[in-house]
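Enquirer: Going by this note's numbering, the first residue of the first sequence is number 690, and it counts up by one from there. By construction, the Cβ of each residue, glycine as well, lies at the ideal position given by its N, Cα and C atoms. This structure is in C-alpha cells; I'll ask about it shortly.
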Amino acid sequence: MDKADIAEVFDTLATLLELRGDNPFKVRAYQNAARTLETMPEDLGTLIADGRLTEVRGIGKDLAERILEIRETGRCAMLDELRASIPAGLIEMLDIPGLGPKKVKALHAELGVDTIAGLKKACEDGRVAEIKGFGAKTQEKILSGIANRAAYAKRHLRPAALAVAMPILDGLRKVPGVTHAEAAGSLRRRMETVGDLDFLVATAEPGPVMDWFCAQPGVREVTAKGETKSSVRFESGLQADLRVVPAAQFAYALHHFTGSKEHNVAMRRRALERGLSLSEWGLSPVRPEVAAPAPVTSEEGLFAALGLPWIPPELREGMGELELAESGKLPKLVTVKDIRGAFHNHTTASDGKNTLEEMVAAAEALGWEYLGIADHSKSSFQANGLDEARLSRQIDDIRKLNASGRFRCHVFAGSEVDILKDGSLDFPDEMLARLDYAVASVHNAFTLEEDEMTARIIRALEHPGVTMLGHLTGRLLLRREPYRVNAAKVIDAALANGKIIELNANPLRLDMDWRLWIRAAERGLLTSINPDAHDTSGLQFIAAGVDAARKGRLEPRHILNCRPLAEVTRYLARR
DNA sequence: GCCGTTTTCGGCCCGACTGTTTTCAGTCG
C-alpha cells in the first residue's frame, strides 16, 4: 500500500463519514490528509521509519495510526466497518448533480432506496417529491441526472476543452460592455484533463452576456441563470459556468475561479494570518485594528498584498507553491519558445503518416535546430517496426540528408526500441551503437506485476545504449490505465545511470506525469519533451508537453531539447 | 480529526444559486 492507495482509502472514508452525517470538519480532515499524501514528495516508508509522520501538516495522532494500520495490514478496520453499514449505492448517488450527502441520507431514511435503480423507480412513482425538502423539480432533476450520469461524470482532454472554450471566450469579449473576459479554472491551470469550463467576465451590465452565453450553439440545458452566475450543459455533457463581476472585482474573482481549491485555501489561510479575509470579492480586514488594503486591479497586485510574487496559474495546485513564492524560488518555467528540437518522432518507415523529408521540413518550419527520428523496432510489428536492415538503411538516408544541405535542421538518427519482456532490448548492441540515440519503451506485456515491470524497465535503463525512457507508464488519459510500475525506483535508476526520462507530449499521454516531475527535477533528473509525432501536425504536441512541464515546475535547464544543437550533439556523443 | 506565541478548546474558506421554503438548507465550486 503506497501513498496513493492510502489517499484513496481516506477519500472513501471521508465520503462514508459524510453520508453518515459525521462532523464535516472531520470529513475535511480526511480529505486534506488524502491530498497531502498524494502530493508530498517524501517517501512514506522513510517518514514512518523516522517516526516523523505526525510532523506532516494535517496528519495527527489518529490519522498516523490509521496510516500505519493500512501499511502493516493492508486493511482499514474503520473502512470495513463503514462499508458494512452504508450501502454502496448511496455513494454512487452522490454523482448525481444536486444530490449531496444530506439529500442521499434523506432518500435512504425516508424511502429506503439504496441503489440508483431503486431511486429511479421512486422518482417515477412520485415518491421522492413527497419527502420534506424535496419537490417536483428535484425529482425531475434526479431523473435527468440518472439518465445522463455517464456523460456528466466524464472528464475531457485539454485539447477538446480548449476547442469548445476558445470560440466562447472570443464571443464573450465581443459582447458590448464587456471589459475583461478570461477562461479560468483547470483550463487556465493547464490541467491535462478538464471537468468543466469556467468563464469570468467583467461588465457593468450582466444581462446581455448571460443571454448570449446561455444561447450558445450546442447548449442542451441551462442549469442555472442568475445575476452573477449562469451554468449550461453542452450536448457532450461538458458543463460550463459563466461568472459576471464588476470590473473592480475582476482580479479577485479571476484568482478565485482559477483555483485550485487547495491553492485558494492556502491563500485564504495566508490572508487570515495577516488579519485579512480573502474571497472572490476582495480582501478585507477581519479585525477593526487591521488597515484595509488598497484595492487591486491585477492578480499581481493581489499576490503582492499578501507579500508574494505572482504565481503562474499552472503552479496553483496547493502543492507548496506559496512557500516557493515566499522564498523567492519560483521556477523560471519553460516556454514553447525555449524548445529547439525534438526526439521521438515517427515516419512512414514505421507507423507514421509523413516521410522523413516531410517531417524535417515541418520541424524546420517551426524554427527547430534539430529533429530526432525514432521509429519503432521490429518487435512492434503492429506498428510496422524496423528490423536491422531497414533501420540501417534509414540511418544511411539520414546521414545523406544531413550531408545534402537541403535543410538547416539537423536530423538525429534514433530508434524507439522496444523493451522486451525480460528487460533486454529489441536490437543488438552493435545496432544501437550506430544510432545517435535510443528511446527505450514498453509496448507489450502490460500486465506484468509491478516488481517485474519495474525490474524490466530498470534493466533497460542500465543498458549503455539507451539514452532515454519512453512513456514511463503507458497510460492513455481517460482511456487506458497505466501499467503497474514503481515510478520512484525507475527515477532512482535513471538518476543513477545518467539517463533521461521523456515527458511524452501527446495530450493523451503526458507521461511521465507532471506531479512526479516536481521532485524528480529537483533531484536533477533530465527530461526531453517528446512529441511522439506520427505526422507533421503531431510536432505541435510539443505545446501540450510544455504545459505539463510547466506544471511540473520544469525550467529549460531540466530539458535536453532546450539546449542548442552543438550541446545536444556533445550530450548524445557521450553515450 | 487537526491545530496552536490571542491556543489544549473552539475554531476550521467563502459565497451564489436553486428549490422549497416564508427565512433557509443543501449543493456546488
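Per DSSP, what kind of secondary structure is residue 721 in: helix, strand or coil?
Expert: Helix.
Enquirer: Look at the alpha carbon of residue 983 and the alpha carbon of residue 829, and state the distance between them as a whole number of angstroms.
Expert: 47 Å
Enquirer: Got a sec, what are the start and stop residues for the beta strand (DSSP E) residue 1219 sits in?
Expert: 1216 to 1219
Enquirer: Excluding the 5 residues preceding and the 5 following residue 1073 in the sequence, name in chain order all residues of the same chain whose CB lies nearer than 6 Å to its CB.
Expert: 1039, 1040
Enquirer: Which ranges does the alpha helix (DSSP H) cover as unbroken runs of at least 4 residues, wholly within the region 737 to 818, from first to last along the chain?
Expert: 750 to 762, 766 to 774, 777 to 782, 790 to 800, 805 to 813
Enquirer: If you count every other CB in all the chains shown that lies within 10 Å of the CB of residue 718, and 16 or more means buried, which is it?
Expert: A residue is called buried once 16 or more other Cβ atoms fall within 10 Å of its Cβ, and residue 718 is buried on that count.
Enquirer: Check for me: the alpha helix (DSSP H) holding residue 1234 runs from which residue to which?
Expert: 1231 to 1240
Enquirer: Quick one: any contact between the region 985 to 995 and the region 1023 to 1031, if contact means 3 or more CB pairs under 8 Å?
Expert: no
Enquirer: Give me, in chain order, the residues of the same chain whose beta-carbon lies closer than 6 Å to that of residue 1065; leave out the 5 immediate sequence neighbours on both sides.
Expert: 1039, 1072, 1074, 1105
Enquirer: Per DSSP, residue 1107 is paired with what?
Expert: 1130
Enquirer: Nearest by alpha-carbon distance to residue 1119: which of 1159, 969, 1078 is it?
Expert: Check the Cα spacing between residue 1119 and each of 1159, 969, 1078: the tightest is with 1078.
Enquirer: Check the DSSP bridge columns for residue 1064 and list the partner residues they point to.
Expert: 1104
Enquirer: With distances taken between CB atoms, is the gap from residue 1141 to residue 1098 smaller than 8 Å?
Expert: no
Enquirer: Kindly indicate which three-state DSSP category residue 1022 falls into: helix, strand or coil?
Expert: coil
Enquirer: Cα separation between residue 1217 and residue 1245?
Expert: 10 Å
Enquirer: Which runs of the alpha helix (DSSP H) at least 4 residues long sit entirely within the region 1127 to 1179? Give them in chain order.
Expert: 1139 to 1151
Enquirer: Look at the alpha carbon of residue 867 and the alpha carbon of residue 1149, and state the distance between them as a whole number of angstroms.
Expert: 56 Å
Enquirer: Could you spell out the range, first to last residue, of the beta strand (DSSP E) harbouring residue 843?
Expert: It is not in any beta strand (DSSP E) - residue 843 carries neither H nor E in the DSSP assignment.
Enquirer: Hey, residue 995 and residue 956: beta-carbon distance below 8 Å or not?
Expert: Cβ distance < 8 Å, so residue 995 and residue 956 count as in contact.
Enquirer: As a quick exercise: from 927, 1180, 813, pick the residue whose alpha carbon is nearest that of residue 885.
Expert: Cα-wise, what sits closest to residue 885 is 927.
Enquirer: Residue 838 and residue 784: beta carbons closer than 8 Å?
Expert: yes
Enquirer: Does the beta-carbon of residue 1186 have 16 or more other beta-carbons within 10 angstroms, so that it is buried, or is it exposed?
Expert: exposed
Enquirer: For the putative contact between residue 746 and residue 725, defined by C-beta atoms under 8 Å, what is the C-beta separation to the nearest angstrom?
Expert: 7 Å
Enquirer: Assign residue 1226 to one of two classes, buried (16 or more other C-beta atoms within 10 Å of its C-beta) or exposed (fewer than that).
Expert: exposed
Enquirer: Pick out the complete alpha helix (DSSP H) segments inside the region 940 to 1012, 4 residues or longer, and give them in chain order.
Expert: If we require 4 residues or more, the alpha helix (DSSP H) runs fully inside the region 940 to 1012 come out as 950 to 962, 988 to 994.
Enquirer: For the beta strand (DSSP E) containing residue 929, list its first residue and its last residue.
Expert: Its beta strand (DSSP E) spans residues 928 to 934.
Enquirer: Mapping the DSSP letters down to three states, classify residue 1248 as helix, strand or coil.
Expert: strand
Enquirer: If you compare alpha carbons, which of 854, 1233, 793 is closest to residue 821?
Expert: 793
Enquirer: Please list, in chain order, all residues of the same chain as residue 870 whose beta carbon is under 8 Å from its beta carbon, the five residues on each side excluded.
Expert: 858, 861, 862, 888, 889, 890, 891
Enquirer: Classify residue 1044 as helix, strand or coil using the three-state DSSP reduction.
Expert: Correct three-state label for residue 1044: coil.
Enquirer: If you reduce the DSSP assignment to three classes, tell me which class residue 1077 lands in.
Expert: helix
Enquirer: Going by the CB atoms, is the gap between residue 1221 and residue 1043 shorter than 8 Å?
Expert: no
Enquirer: Excluding the five sequence neighbours on either side, which residues of its own chain have a C-beta within less than 6 Å of the C-beta of residue 1124, listed in chain order?
Expert: 1102, 1103, 1104
Enquirer: Are residue 1180 and residue 1145 close, meaning C-beta to C-beta below 8 Å?
Expert: Contact flag unset, no.
Enquirer: Thinking just about the alpha-carbon of each residue, which of 1157, 1205, 1219, 1166 is nearest to the one in residue 1261?
Expert: 1157
Enquirer: Does the separation of the CB atoms of residue 942 and residue 924 fall below 8 Å?
Expert: Cβ distance not < 8 Å, so residue 942 and residue 924 don't count as in contact.
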